[in-house]
Amino acid sequence: MAESVPAADVHAHDDHGHHEQSFASKYLFSTDHKMIAMQYMFTGMAMALIGGFFAYAFRMQLAFPGMDVPFWGQVSAAEYNALVTNHGTIMIFWVAMPVLIAAFGNYLIPLMCGCDDMVFPRLNRLSYQIFLLSAVVLIASFFVEGGAFGGAWTAYPPLSAKAEYSLTPLGSTIWVIAVALEFVAFLLGGINFVTTAMNSRAEGMGMYDIPVVIWMIVIASILFMASVGPLIAGAVMLVFDQTLGTNFFDPDRGGDPILWQHLFWFFGHPEVYVVLLPALGITADIMATFSRKKIFAYKTVLYTTFATGVLSFMVWAHHQFIAGVDPRMAHVFTITTLLISIPIAELCFVYIATLYKGSITLSTPMLWALAFLGEFLIGGVTGIFLGASGADVYFHDTYFVLAHFHYTFFPIAIIGTFAGVTYWFPKMFGRMMNETLGKIHFWGTVIPFNCIFIPLFFLGMGGQHRRIYNYENFPELAGQGMQDIRIFATVSLLVMLAFQVVFFINFIMSLRSGKKAPNNPWRANTLEWQTPSPPPHGNFGSEMPKVYRGPYEYGTPGREEDFWPQNAPS
Amino acid sequence: MSSMAPTLHVVPPPTRQPVIESQVIGTLVFIVTEIMTFAGLISGLVIVKANHLGPWPPPDQPRLPIEATGFNTLVLLASGVALFQAWRAFKRKPLDAKKPFALAIGLGLFFVVFQGFEWVRLIGEGLTLTSGALGAFFYLIVGAHALHAVVAIVLLCVFYRRLTRLELKPGTFLGAQMFWYFVVGLWPILYVQVYL
Numbered sequence: 002m003a004e005s006v007p008a009a010d011v012h013a014h015d016d017h018g019h020h021e022q023s024f025a026s027k028y029l030f031s032t033d034h035k036m037i038a039m040q041y042m043f044t045g046m047a048m049a050l051i052g053g054f055f056a057y058a059f060r061m062q063l064a065f066p067g068m069d070v071p072f073w074g075q076v077s078a079a080e081y082n083a084l085v086t087n088h089g090t091i092m093i094f095w096v097a098m099p100v101l102i103a104a105f106g107n108y109l110i111p112l113m114c115g116c117d118d119m120v121f122p123r124l125n126r127l128s129y130q131i132f133l134l135s136a137v138v139l140i141a142s143f144f145v146e147g148g149a150f151g152g153a154w155t156a157y158p159p160l161s162a163k164a165e166y167s168l169t170p171l172g173s174t175i176w177v178i179a180v181a182l183e184f185v186a187f188l189l190g191g192i193n194f195v196t197t198a199m200n201s202r203a204e205g206m207g208m209y210d211i212p213v214v215i216w217m218i219v220i221a222s223i224l225f226m227a228s229v230g231p232l233i234a235g236a237v238m239l240v241f242d243q244t245l246g247t248n249f250f251d252p253d254r255g256g257d258p259i260l261w262q263h264l265f266w267f268f269g270h271p272e273v274y275v276v277l278l279p280a281l282g283i284t285a286d287i288m289a290t291f292s293r294k295k296i297f298a299y300k301t302v303l304y305t306t307f308a309t310g311v312l313s314f315m316v317w318a319h320h321q322f323i324a325g326v327d328p329r330m331a332h333v334f335t336i337t338t339l340l341i342s343i344p345i346a347e348l349c350f351v352y353i354a355t356l357y358k359g360s361i362t363l364s365t366p367m368l369w370a371l372a373f374l375g376e377f378l379i380g381g382v383t384g385i386f387l388g389a390s391g392a393d394v395y396f397h398d399t400y401f402v403l404a405h406f407h408y409t410f411f412p413i414a415i416i417g418t419f420a421g422v423t424y425w426f427p428k429m430f431g432r433m434m435n436e437t438l439g440k441i442h443f444w445g446t447v448i449p450f451n452c453i454f455i456p457l458f459f460l461g462m463g464g465q466h467r468r469i470y471n472y473e474n475f476p477e478l479a480g481q482g483m484q485d486i487r488i489f490a491t492v493s494l495l496v497m498l499a500f501q502v503v504f505f506i507n508f509i510m511s512l513r514s515g516k517k518a519p520n521n522p523w524r525a526n527t528l529e530w531q532t533p534s535p536p537p538h539g540n541f542g543s544e545m546p547k548v549y550r551g552p553y554e555y556g557t558p559g560r561e562e563d564f565w566p567q568n569a570p571s
Numbered sequence: 018m019s020s021m022a023p024t025l026h027v028v029p030p031p032t033r034q035p036v037i038e039s040q041v042i043g044t045l046v047f048i049v050t051e052i053m054t055f056a057g058l059i060s061g062l063v064i065v066k067a068n069h070l071g072p073w074p075p076p077d078q079p080r081l082p083i084e085a086t087g088f089n090t091l092v093l094l095a096s097g098v099a100l101f102q103a104w105r106a107f108k109r110k111p112l113d114a115k116k117p118f119a120l121a122i123g124l125g126l127f128f129v130v131f132q133g134f135e136w137v138r139l140i141g142e143g144l145t146l147t148s149g150a151l152g153a154f155f156y157l158i159v160g161a162h163a164l165h166a167v168v169a170i171v172l173l174c175v176f177y178r179r180l181t182r183l184e185l186k187p188g189t190f191l192g193a194q195m196f197w198y199f200v201v202g203l204w205p206i207l208y209v210q211v212y213l
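Which chain is which? The protein sequence lines are A and B, in order. When you read off a place in the first sequence, starting at 1, and then add 1, the result is the number in the working numbering. When you read off a place in the second sequence, starting at 1, and then add 17, the result is the number in the working numbering.
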């Protein structure tokens, strides 16, 4: 709070070979926003590998029950629970949030706003350190007595509150502590994002000259910080229940288990938009650049996003239609839930209108951005069935729900991330990525993704319940037809995971020997492209940029170039 | 906190004059989260109260000290007023702020210590975290507030030291005020919800 240094070590004049920094101070304890962004990104990627490995282990168990899974072994029922729980937890809190908000937010906000660093650089460093600690704490829970927490990422009590039920006396407490630490990290990061975007913009950059992706990350940070409070309150109560013997959530002794569901989903639903908005922003910028068109209705996008943010606080109880909420309340939440599809649909139309009659280049980032739009639409449309309380009574906790939210989260966390990484890779590392390998990886990810989750919709409609470790014990679900679909989904997952190797090969090869990237390889307008790749310490050299126009001035009539950088004097 | 040697820096050209100081924005954003956290705690208490069968507070639990805490509430409010006086004096002449600033810290400390004694008495009477919903929520909510009060008082002490050395920046002071007003302003709400 009292951080009053204007910015971290700013060495505006010597972009290479500035005073000797030790390895630790350059890579581990840096206050440079670009380095912190890289730390977040690589930590997030490492966690994605762990989360993906968990998915592999439990999908193998579902397809081939009782099998000795390579690299894991027999998946016991307790292990299965721990795997699905931590797969969900990791993918949302340790992959989607650090990569989409923290990594891209840290990297892009100062660069796109035209300043040298975050407003509170040391708070920023602390944010990453706490985040790393939280990741270590979470992974540590796998090695304690009783194993990792297995009560699902929603951690409903009383299962999560008492060790007699969860059978993970240490794991469940460690899980809550890890999540709480992670929240602290993002709180510090979010304070930085909002303050920096408000106070450190380049001269001449008005509110409506800020690129959409920055707006989206800032709004997402605000949503996060406004929604996380109740969950922090709930988490404290849960830890007290687990360790001090209180009974906040124990119905036998005056507590209320539904209270946790309210506190959790009051955060949990806005959280969906917290990760969605940065992905929407990334794809918006990519679509504008690669269709060489101004974003359709820039201000409408902002107002729509605000509306989405406000509405996202009024839909949480649609997760509890069968938890015993009053049917009248279910009506209200059905209406608000269906309402929120309107602004999101509007955003989809805006994106399509941006593409319309554009001069489209199907480069790898653009392919990812288009895939995001298409796949997210499927996720959104299937959500309408679940938002209607009548249909949800049947669909609740089936694989239909699971497929639905994977159709939202996968486009957000994976497709959105790949879009961003392939688009900003030249800026981040100063080299171009290989387009052929990028496209192979794209198709090798998107096609198997659909092969995994479309069958799961049908399994869900067939009544296949979630969180069951072995369907052989359920005669209605154990038929060969359903098992074949499960095997198909698992094999598709294996194919998709195998294709990720292509990405890592491409990433490392491009890093070592890719073509040198020019300052502005995509001929884009925003400020980060108007500085060397990778940007020097202090971002813009000796002279900070001045902004003269909005970020999407493509194809202006009468100009020789079809783009018009924000900082170019007319 | 700013211990880095100033000679190492090339101060960047000022980008723009912020409408609101960064420290104030940062603190306000943080306070939003805090407000929502306490809203979560209070809504939990309200739901449990509403679902409770029989009178609330439960007759078998010790009485909460309504009058004594009412007095303590006034002490805390006075502390907030004192800090505001310190800010007004600070704008005229920084060193004039010392006396009201110290008074604000003193009143805040009195509040926390007084609370501590109440807690000791209540624990002696059998009101504990595990004695029932009343005790659990009482210690959770009041304890969460006390934690904030203690952290805020420590920060105020740090800033008081800076004030005496004329190193306190107006933005930092404003941010500190925001946080203290949050701690002060939250308390009457908690008092009504928890004690009455």
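Where a beta carbon is used, it is the ideal one built from N, C-alpha and C, also for glycine. On a predicted model such as this, the values are computed, not experimentally measured, just so you know.
At a cut-off of 8 Å between beta-carbon atoms, T54(B) makes contact with chain A.
For I64(B), the closest Cβ of chain A is nearer than 8 Å. The beta-carbon of T50(B) is placed less than 8 Å from the nearest beta-carbon of chain A. The beta carbon of T86(B) does not come within 8 Å of any beta carbon belonging to chain A, so the residue lies off that interface. Residue environment: Y28(A) is assigned as exposed (fewer than 16 neighbouring CB atoms within 10 Å of its CB, all protein chains considered). Using a Cβ-Cβ cut-off of 8 Å, D393(A) does not count as an interface residue toward chain B, since no Cβ of chain B sits closer than that to its own. The Cβ atoms of P522(A) and P449(A) do not sit closer than 8 Å to each other.
Contact check between the region 67–82 of chain A and the region 95–114 of chain A: fewer than three CB pairs, one atom from each, fall below 8 Å, which does not count as touching. Annotation: the continuous alpha helix (DSSP H) that includes A47(A) extends over 34–64. Note on geometry: alpha-carbon atoms of F190(B) and A56(B) lie some 26 Å from one another. Interface annotation, V120(A): in contact with chain B, CB-CB separation under 8 Å. A Cβ-Cβ contact shorter than 8 Å links Q262(A) with A324(A). Along the region 292–338 of chain A, the alpha helix (DSSP H) occurs as fully enclosed runs of 4 or more residues at 299–312, listed in sequence order.
At a Cβ-Cβ threshold of 8 Å, F121(A) and N200(A) do not count as neighbours.
For G45(A), the closest of I469(A), V422(A), S222(A) by C-alpha to C-alpha distance is V422(A). Taking 8 Å as the threshold, the shortest C-beta distance from V159(B) to chain A does not fall below it. Taking CB atoms only, M199(A) has a neighbour in chain B less than 8 Å away.
Interface flag for T196(A) against chain B is set, since a Cβ pair is found closer than 8 Å. Across the structure, N248(A) and L164(B) are spaced so that their CA atoms are roughly 22 Å apart. A check of alpha carbon separations from M39(A) across C116(A), V70(A), Q130(A), V548(A) identifies Q130(A) as the nearest.
Burial check for D253(A): the Cβ neighbour count within 10 Å stays below 16, so the residue is exposed. In terms of Cβ geometry, F267(A) and S222(A) do not form a close pair [threshold 8 Å]. Beta-bridge annotation (DSSP): Q75(A) is paired with D69(A). Look at the region 140–155 of chain B: the residues with a C-beta under 7 Å from a C-beta of chain A are L146, T147, G149, A150, A153. Proximity to L100(B) across G123(B), P82(B), R80(B), T86(B) peaks at G123(B), based on C-alpha coordinates. The beta carbons of I37(A) and R126(A) sit closer together than 8 Å. The Cβ of L120(B) sits no closer than 8 Å to any Cβ of chain A.
If you check the CB distance, G106(A) and I220(A) do not come in under 8 Å. Going by C-alpha positions, T44(B) is about 14 Å away from V168(B). With 16 or more neighbouring CB atoms inside 10 Å of its own CB, F564(A) falls in the buried class.
Excluding its 5 nearest sequence neighbours in each direction, S96(B) has C-beta neighbours in its own chain below 6 Å: A121, L124, G125, listed in chain order. Shown here for V394(A): same chain residues with a beta carbon closer than 8 Å to its own, the five before and five after excluded, namely F322, I323 in chain order.
For the pair T50(B) and L188(A), the CB atoms are nearer than the 8 Å cut-off. Against chain B, the CB of G256(A) has a partner CB under 8 Å away; the residue lies at that interface.
Interface with chain A (8 Å Cβ-Cβ cutoff): V171(B) is excluded. In the DSSP annotation of this structure, V100(A) is not part of any alpha helix (DSSP H), being labelled neither H nor E.
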